[in-house]
Amino acid sequence: MAADAPHPAFEGYATEAVPQAAVGSPGKDGVLELTFERTGDGTTLVHDYATVPFHISGTLGHDPLPEADTVFVQSPTGGVAQGDRHDVTVEVGEDAVAHVSTQSSTKVQTMTCNYAAAETTLSVGADAHLDYVPEPTILHADSRYLQELSVELAPGATAVVSDVVVPGRLARGERFEFERYLSRVRADGPDGLLFEDATHLTPADGDPTAPGVLGEFTVYGTAFVLAPDRDEGELSDALHAVVADGEARAGATALPNGAGVAVRALGDRAETVQSTLHAAWDHARRELLDVPAPSGRKY
Numbered sequence: 002m003a004a005d006a007p008h009p010a011f012e013g014y015a016t017e018a019v020p021q022a023a024v025g026s027p028g029k030d031g032v033l034e035l036t037f038e039r040t041g042d043g044t045t046l047v048h049d050y051a052t053v054p055f056h057i058s059g060t061l062g063h064d065p066l067p068e069a070d071t072v073f074v075q076s077p078t079g080g081v082a083q084g085d086r087h088d089v090t091v092e093v094g095e096d097a098v099a100h101v102s103t104q105s106s107t108k109v110q111t112m113t114c115n116y117a118a119a120e121t122t123l124s125v126g127a128d129a130h131l132d133y134v135p136e137p138t139i140l141h142a143d144s145r146y147l148q149e150l151s152v153e154l155a156p157g158a159t160a161v162v163s164d165v166v167v168p169g170r171l172a173r174g175e176r177f178e179f180e181r182y183l184s185r186v187r188a189d190g191p192d193g194l195l196f197e198d199a200t201h202l203t204p205a206d207g208d209p210t211a212p213g214v215l216g217e218f219t220v221y222g223t224a225f226v227l228a229p230d231r232d233e234g235e236l237s238d239a240l241h242a243v244v245a246d247g248e249a250r251a252g253a254t255a256l257p258n259g260a261g262v263a264v265r266a267l268g269d270r271a272e273t274v275q276s277t278l279h280a281a282w283d284h285a286r287r288e289l290l291d292v293p294a295p296s297g298r299k300y
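With our numbering applied, the sequence shown covers 2 to 300.
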């Protein structure tokens, strides 16, 4: 887990004791495991394991692709607190199609010591597909959050991985008052590393609204369309056309090593960025699976 070897930017925080409940105590180390396999009935969730703060209540069958399976991860807590360490593993077996999301936004609460971290590992089997599209992450004032995600793609596998970051409770006028946010994404294919991507924001050290960072915008979102066996140039042009004229400021670019396409979007509201990324996801799904993306309903 990220707690075992924190990024150097978080090493100083790691030495700070958490008075409420220490790192590693019950309820602080959340674990989520989901395994999907292709069966005679389509895709089936064959293994699930969840500890606080994760909870799942079964699968849903409203995906436009009949043989796909959907899980919305729930949380009975008020959000991510200081000292929390979360470990998420999603495995999609050969020829299976799965969609994993969260029922609501992830709220990273105000912190006075230590930090919170989440490590997510996604494994997609041969000719399988995974949509990992959680609701936005909201960074409350003084929060410190480390998010690490890795994707492993077998031959013929594809995936769409999305992330939206909201820099505070915008309705309360809270903007860029968090302390530190670092998100790292790595994707590997059968022959090794495809790409790495990182977003590191520390408002006290560098103005996130500066030109070349977020500029006039507040909400930031990314969708990685991972399809190593597709023509990334053609897919990039198509996705750019889909998102360029939307309400958000957005664009698409080909990833290195033929990994696929990255779509970036900036906006003033989470809904604006989500809508733009959903349009990209929808187009990508039609290209990869010949069906649209699921609707945004969470029931």
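All residues carry an ideal CB built from backbone N, CA and C; glycine is no exception.
Legend entry - Limits of the unbroken alpha helix (DSSP H) element including TYR330: Outside the displayed span of the chain (2 to 300) sits residue 330, for which this structure offers no information.
Inset, instruction - Identify whether ALA129 lies in helix, strand or coil by the three-state DSSP scheme. - result: Position 128 of the sequence shown, counted from the first residue, corresponds to residue 129. ALA129: coil per DSSP, three-state reduction.
Inset, instruction - Look up SER151 in the DSSP assignment and give the residues it is bridged to. - result: Start at 1 with the first residue of the sequence shown, and residue 151 comes out as number 150. In the DSSP output, where bridge partners are listed per residue, SER151 has THR122 and ARG187.
Legend entry - According to DSSP, residues forming a beta bridge with ARG173: Taking the first residue of the sequence shown as position 1, residue 173 is located at position 172. According to DSSP, ARG173 bridges with nothing at all.
Inset, instruction - Quick one: using the 10 Å Cβ neighbour count with 16 as the cut-off for buried, is LEU1 buried or exposed? - result: For the chain, the structure presents residues 2 to 300; residue 1 sits outside this window and is missing.
Legend entry - Classification of GLY199 by the beta-carbon crowding that lies within 10 angstroms, buried from 16 upward: Translated into positions along the sequence shown, residue 199 becomes position 198. The sequence shown places Ala at residue 199, rather than the Gly named in the question. That one is exposed.
Inset, instruction - Quickly, what does DSSP pair GLU38 with across the bridge? List them, please. - result: Locating residue 38 in the sequence shown gives position 37, where the first residue counts as 1. Paired residues: THR45.
Legend entry - Minimum C-alpha distance to HIS36 - residue among ALA117, ASP42, PRO54 and GLU95: Numbered from 1 along the sequence shown, position 35 holds the residue referred to as residue 36. Reading the sequence as shown, one finds Thr at residue 36 and not His. For THR36, the nearest C-alpha among the options comes from GLU95.
Legend entry - Cβ-based burial, LEU194 [other Cβ within 10 Å; buried from 16]: By 1-based counting over the sequence shown, the position of residue 194 is 193. Exposed, because fewer than 16 other Cβ atoms sit within 10 Å of the Cβ of LEU194.
Inset, instruction - Compute the Euclidean distance between the alpha carbons of LEU183 and ALA117, then round it to the nearest angstrom. - result: Counting from one through the sequence shown, the residue named residue 183 turns up at place 182. Counting from one through the sequence shown, the residue named residue 117 turns up at place 116. For LEU183 and ALA117, the distance between alpha carbons rounds to 11 angstroms.
Legend entry - Nonlocal neighbours in the same chain, by C-beta distance under 7 angstroms from VAL19, ignoring five residues either side: Walking along the sequence shown from the start, residue 19 turns up at place 18. Answer for VAL19: GLN83, GLY84, CYS114 and ASN115, listed in chain order.
Legend entry - Which listed residue (GLY59, ILE57, GLU233 and ASP70) has its alpha carbon closest to that of THR45: Position 44 of the sequence shown, counted from the start, is the residue given in the question as residue 45. With distances taken between Cα atoms, THR45 lies closest to ASP70.
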